[in-house]
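In the working numbering, the protein residues as written are 313 to 397.
Given below as structure tokens:
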């Protein structure tokens, strides 16, 4: 996948293992250090909010087929948490 600002590479034999490289983020204020795909992004978002974690980018349905939010980890890194729709 290549959107011009993000390129995702995957092993054809194990497509669940992917590496994405970003120059910037199309809709969010920062570029995350990592992305984690989860089964239920809404539940993870609720858990992050309930824990008091800093949400950097609110839960959003993106036009390229993911639902995601960004959270700041305890070390200050921004992590993209997502599910594909």
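For every residue, glycine included, the Cβ atom is placed at its ideal position computed from N, Cα and C.
DSSP-derived helix/strand/coil call for residue i
i: residue 442; result: The first residue shown for the chain is 313 and the last is 397, placing residue 442 beyond what the model contains.
i: residue 380; result: strand
i: residue 335; result: coil
i: residue 326; result: strand
i: residue 342; result: coil
Where residue i falls, given that 16 or more other Cβ within 10 Å makes a residue buried
i: residue 472; result: Shown here, the chain extends from 313 to 397; a query on residue 472 therefore has no answer.
i: residue 333; result: exposed
- [ ] Enumerate, from N- to C-terminal direction, the unbroken alpha helix (DSSP H) stretches of 4 or more residues contained entirely within the segment 348 to 374.
- [x] 353 to 363
Open item on the list: Could you check whether the segment 365 to 382 touches the segment 342 to 357, counting it as contact only if at least three pairs of C-beta atoms, one from each stretch, sit closer than 8 Å?
Closed with: yes
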